[in-house]
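Working notes, beginning with the structure itself.
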Amino acid sequence: MEIKKELPEIFEGFSEARKNGFIAAKAFKEQNKPMIGTFCTFMPQELPLAMGGATVSLCATSDETIGEAEKELPRNLCPLIKSSYGFGKTDKCPYFFFSDMVIGETTCDGKKKMFELMGEYKPVHVMQLPNNPTTQESFDYWKKEIVLLKETLEKTFGIEINDEQVKEAVRLKNRERTALKEFYSLGQLNPPAISGTDILKVLYGSTFKFDKEDTIKEVSALTKQIHEAYEAGEKLEQKPRILITGCPIGGVTEKVVAAIEENGGIVVFYENCMGAKAIEDLVDETTEDVYDALAEKYLKIGCSCMSPNHKRFEMLDRAIDSYQVDAVVDVVLQACHTYAIETMNVKTFTNEKKGIPYMSVETDYSTSDVGQLNTRMAAFIEML
Amino acid sequence: MLSIGIDSGSATTKGVLFDGENIIEKILVPTGANPRKTIQQVHENLSKEEKIFTVTTGYGRNLLNGSDKSVTEITCHGKGAAFLDENIRTVIDIGGQDSKVILLDRNRNILDFLMNDKCAAGTGRFMEVITRILQQDLCELDDYVVGHEPIKISSMCTVFAESEVVSLLAEDVSGASVAQGVVHSICDRTAVFSRRLPIEGKVFFSGGLAQLKVMQSTLEDKLGLDVVTHELSQFTGAIGAAVIGHDKLKMLNHSTK
Numbered sequence: 001m002e003i004k005k006e007l008p009e010i011f012e013g014f015s016e017a018r019k020n021g022f023i024a025a026k027a028f029k030e031q032n033k034p035m036i037g038t039f040c041t042f043m044p045q046e047l048p049l050a051m052g053g054a055t056v057s058l059c060a061t062s063d064e065t066i067g068e069a070e071k072e073l074p075r076n077l078c079p080l081i082k083s084s085y086g087f088g089k090t091d092k093c094p095y096f097f098f099s100d101m102v103i104g105e106t107t108c109d110g111k112k113k114m115f116e117l118m119g120e121y122k123p124v125h126v127m128q129l130p131n132n133p134t135t136q137e138s139f140d141y142w143k144k145e146i147v148l149l150k151e152t153l154e155k156t157f158g159i160e161i162n163d164e165q166v167k168e169a170v171r172l173k174n175r176e177r178t179a180l181k182e183f184y185s186l187g188q189l190n191p192p193a194i195s196g197t198d199i200l201k202v203l204y205g206s207t208f209k210f211d212k213e214d215t216i217k218e219v220s221a222l223t224k225q226i227h228e229a230y231e232a233g234e235k236l237e238q239k240p241r242i243l244i245t246g247c248p249i250g251g252v253t254e255k256v257v258a259a260i261e262e263n264g265g266i267v268v269f270y271e272n273c274m275g276a277k278a279i280e281d282l283v284d285e286t287t288e289d290v291y292d293a294l295a296e297k298y299l300k301i302g303c304s305c306m307s308p309n310h311k312r313f314e315m316l317d318r319a320i321d322s323y324q325v326d327a328v329v330d331v332v333l334q335a336c337h338t339y340a341i342e343t344m345n346v347k348t349f350t351n352e353k354k355g356i357p358y359m360s361v362e363t364d365y366s367t368s369d370v371g372q373l374n375t376r377m378a379a380f381i382e383m384l
Numbered sequence: 001m002l003s004i005g006i007d008s009g010s011a012t013t014k015g016v017l018f019d020g021e022n023i024i025e026k027i028l029v030p031t032g033a034n035p036r037k038t039i040q041q042v043h044e045n046l047s048k049e050e051k052i053f054t055v056t057t058g059y060g061r062n063l064l065n066g067s068d069k070s071v072t073e074i075t076c077h078g079k080g081a082a083f084l085d086e087n088i089r090t091v092i093d094i095g096g097q098d099s100k101v102i103l104l105d106r107n108r109n110i111l112d113f114l115m116n117d118k119c120a121a122g123t124g125r126f127m128e129v130i131t132r133i134l135q136q137d138l139c140e141l142d143d144y145v146v147g148h149e150p151i152k153i154s155s156m157c158t159v160f161a162e163s164e165v166v167s168l169l170a171e172d173v174s175g176a177s178v179a180q181g182v183v184h185s186i187c188d189r190t191a192v193f194s195r196r197l198p199i200e201g202k203v204f205f206s207g208g209l210a211q212l213k214v215m216q217s218t219l220e221d222k223l224g225l226d227v228v229t230h231e232l233s234q235f236t237g238a239i240g241a242a243v244i245g246h247d248k249l250k251m252l253n254h255s256t257k
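Order-wise, the sequence lines are chains A and B.
Residue numbers for the first sequence follow this note's numbering, beginning at 1 and rising by one.
Residue numbers for the second sequence follow this note's numbering, beginning at 1 and rising by one.
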């Protein structure tokens with residue numbers, strides 16, 4: 001019989017997944033299966049899955065290797081790009097080490113140019129992502145890029161990927177998305193059932209697990225367990241409910257979540273890429289041409305590198321209502337121009353259309369601004 | 001019914017004793033290298049035999065053991081400004097290590113705020129560094145710069161501006177013009193920063209630099225709005241803390257009756 005673990009233990013288990021993932025990654029590789037390193041939610045994970053491979057996010061979240069990266073990259077660049085590049089360069093990241101290939105996309109200028117440098121010491125394939133997600137031309141172009149990715153994988157690994165395999169992968173990824181969505185939808189409960197810190201542990205940790213069936217099973221069981229505990233009366237104190245949007249967070253940038261939750265708020269929804277941005281919408285399983293379905297889904301991701309970026313606002317609009325959000329915190333990583341500029345639109349939307357307070361914070365991968373973050377978040381929550 | 005408000009800032013620690021209507025006592029001391037000791041001394045100095053409700057604010061707000069409540073300096077500056085001038089809707093505070101703009105609603109609640117805490121060039125620290133090079137007393141800056149035209153300081157960073165000032169002095173530019181230039185530079189930055197919020201009406205200017213007439217009038221020019229200050233403006237945060245403490249006391253007394 002399976003021993004039922006206590007909830008905090010399960011959350012820790014997810015947060016340990018990244019560290020322990022090293023062994024999981026090694027075990028996965030020993031089965032002679034390909035591992036694909038990714039940098040963005042735009043990369044259709046269904047394709048590596050269809051060939052029996054796994055994907056792992058190489059977006060780094062600590063400042064450990066930034067110094068090393070700055071030998072080649074400018075200082076005034078997004079910390080995520082510098083850190084990821086540095087981890088690759090120094091071979092300090094086991095996931096980078098185990099990746100047979102890295103797939104990048106032309107999302108932001110920083111990443112796009114960084115991939116050129118990375119290509120000198122790692123096989124890198126860059127997908128050309130169009131900027132305007134609304135036109136037919138963009139759709140056609142993106143679909144071609146997805147097909148090109150399939151062909152590149154086939155050539156690199158000497159295999160063939162057929163449509164049935166891709167459709168199978170679509171169904172699997174959709175089930176995983178559904179399981180994760182049901183989990184983070186716990187954030188809708190009021191009074192809360194779970195802290196934002198714990199939601200993030202699970203969302204972030206789940207990206208370092210390589211057997212999707214396992215992830216689906218574990219996450220669904222966890223959701224069920226929390227629901228049962230909630231029904232039995234295990235509820236958290238009601239606090240101002242915060243939605244986090246903006247740049248990717250995880251690792252050291254969890255300091256923002258900590259600053260909110262240690263100063264009297266609770267994070268109920270993450271719109272970022274680690275959260276709902278790429279999970280919320282499924283790939284349409286009924287579309288005849290599976291590449292049409294993939295192109296449609298992935299072009300809909302509401303990232304600030306898109307212009308116009310209506311999708312982000314549509315998601316914010318729905319989430320602010322259904323998660324009963326009291327205020328929005330927009331996290332911007334230093335030197336991320338697209339998210340930084342978009343703060344203006346998000347503020348106007350949040351204040352004027354939704355009638356709730358908004359705050360943006362710029363941060364990086366150091367811990368030097370923890371005191372200031374605490375003051376800002378405490379002041380923001382005092383004003384709610 | 002008395003309350004104490006203490007603002008433990010990066011440069012100075014301010015404390016006030018408040019009876020609900022008037023500031024009865026006030027203290028201002030340099031924070032120094034041991035903010036914990038400083039905030040304790042200020043607290044002891046203001047304490048009376050009876051138990052007094054104490055609210056702390058500022059960067060060192062969590063350092064006082066005897067504190068009954070800690071509130072951020074944003075909220076306290078808003079409350080303090082509204083106490084000193086009840087018609088205020090906008091507060092601009094230029095502190096030792098950050099600057100902030102606060103919008104208040106009719107009920108003196110914080111509506112929105114912005115904080116610049118990334119860079120020293122728009123803060124009191126910048127002025128302090130430059131007056132040290134010029135061997136001038138910061139408090140006497142008004143007399144020093146009167147009648148002098150500002151020289152343009154173009155560096156965006158305190159450290160670089162410091163070397164720019166040194167080169168200007170080497171070119172025989174008068175120290176007073178340099179000081180005027182720094183005043184204009186800080187006010188320019190503050191005005192641009194403040195415009196990110198829909199500020200209007202009369203602006204309450206607080207923080208140590210608000211003591212300088214030249215800062216007040218230059219900021220007024222740059223903003224195109226009336227800028228008022230108060231002789232107690234340096235105590236705005238501490239007063240706000242004391243006001244919050246007094247409100248809290250009233251609530252407590254009300255609920256025990």
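Even glycine gets a Cβ: it sits at the ideal position worked out from N, Cα and C.
Neighbour list for residue i in chain B, Cβ cutoff strictly below 9 Å
| i | result |
| --- | --- |
| E382(A) | V71, T72, I74, T75 and I110 |
Residue from the options whose Cα sits closest to the Cα of residue i
| i | options | result |
| --- | --- | --- |
| E44(B) | V16(B), G78(B) and Q136(B) | V16(B) |
| K354(A) | F11(A), F313(A) and Q128(A) | F313(A) |
| E86(B) | D93(B), G78(B) and H148(B) | G78(B) |
| K71(A) | K82(A), I36(A), T197(A) and C78(A) | K82(A) |
| A259(B) | N65(B), S10(B), L168(B) and T131(B) | Since the first residue of chain B shown is 1 and the last is 257, residue 259(B) is not available in this structure. |
| G264(B) | V182(B), V214(B) and D68(B) | With chain B covering only 1 through 257, there is no way to say anything about residue 264(B). |
| S262(B) | R36(B), L252(B) and A121(B) | No answer is possible for residue 262(B): the residues shown for chain B start at 1 and end at 257. |
| F28(A) | L222(A), D100(A) and P123(A) | D100(A) |
| T61(A) | C305(A), M377(A), Y365(A) and M51(A) | Y365(A) |
| V166(B) | Q135(B), N253(B), G124(B) and L64(B) | Q135(B) |
| Q188(A) | M377(A), E288(A), L236(A) and Q165(A) | L236(A) |
| V332(A) | S57(A), A69(A), L77(A) and L7(A) | L77(A) |
| S163(B) | T190(B), Q180(B) and V129(B) | V129(B) |
| F380(A) | P357(A), D211(A) and T367(A) | P357(A) |
| A17(A) | L222(A), K209(A) and E342(A) | K209(A) |
| V102(A) | C40(A), N162(A), E68(A) and E145(A) | C40(A) |
Anticipated Cβ contact below 8 Å, residue i with residue j, distance rounded
| i | j | result |
| --- | --- | --- |
| V268(A) | V325(A) | 7 Å |
| V55(B) | V71(B) | 6 Å |
| A278(A) | S220(A) | A278(A) to S220(A), Cβ: 19 Å. No contact. |
| H125(A) | T107(A) | That pair is no contact at about 14 Å. |
| K150(A) | L47(A) | 5 Å |
| L103(B) | A82(B) | So it is not a contact: roughly 12 Å between Cβ atoms. |
| D131(A) | M315(A) | One point to set straight first is that residue 131(A) is Asn, not Asp, in the sequence displayed. The pair is not a contact, with the Cβ atoms about 19 Å apart (cut-off 8 Å). |
| K222(B) | C187(B) | 5 Å |
| T57(B) | P30(B) | At roughly 17 Å, the Cβ-Cβ gap does not stay under 8 Å, so T57(B) and P30(B) are not in contact. |
Neighbouring residues, chain B, relative to residue i (Cβ below 7 Å)
| i | result |
| --- | --- |
| A378(A) | T72 |
Residue i in three-state terms, based on DSSP
| i | result |
| --- | --- |
| D198(A) | helix |
| L282(A) | coil |
| I244(B) | helix |
| M1(A) | Low confidence applies to M1(A): its pLDDT is 40, below 50, so where it sits in the model is not reliable enough to give any reading. |
| F97(A) | helix |
| R241(A) | strand |
| L299(A) | helix |
| E105(A) | strand |
| A193(A) | coil |
| D326(A) | coil |
| L212(B) | coil |
| V170(A) | helix |
| L64(B) | coil |
| K311(A) | helix |
| K152(B) | coil |
| G86(A) | helix |
Proximal residues of chain B, C-beta to C-beta of residue i below 8 Å
| i | result |
| --- | --- |
| S371(A) | Residue identity differs from the one stated: residue 371(A) is Gly in this sequence, not Ser. Simply Y59. |
Neighbour list for residue i in chain A, Cβ cutoff strictly below 7 Å
| i | result |
| --- | --- |
| M115(B) | R376 |
Count the C-beta pairs between the region 254–273 of chain A and the region 79–97 of chain A that are closer than 8 Å, then say yes if the count reaches three, no if not. Because the criterion of three Cβ pairs below 8 Å is not met, the region 254–273 of chain A and the region 79–97 of chain A do not touch.
Under 8 Å, with one C-beta from each stretch per pair, do the region 191–208 of chain A and the region 10–26 of chain A reach the 3-pair mark? Flag = yes, the region 191–208 of chain A and the region 10–26 of chain A touch.
Given 8 Å as the limit, is there contact between the region 154–162 of chain A and the region 280–298 of chain A, that is, 3 or more CB pairs closer than that? Judged by Cβ distances under 8 Å, the region 154–162 of chain A makes no contact with the region 280–298 of chain A, as fewer than three pairs qualify.
With three or more beta-carbon pairs closer than 8 Å as the criterion, would you say the region 198–208 of chain B touches the region 217–233 of chain B? Three or more Cβ pairs closer than 8 Å define a contact, and the region 198–208 of chain B meets that threshold against the region 217–233 of chain B.
Are the region 116–123 of chain A and the region 338–358 of chain A touching by the rule of at least three beta carbon pairs closer than 8 Å? With a cut-off of 8 Å, the region 338–358 of chain A and the region 116–123 of chain A do not count as touching, because too few Cβ pairs lie within range.
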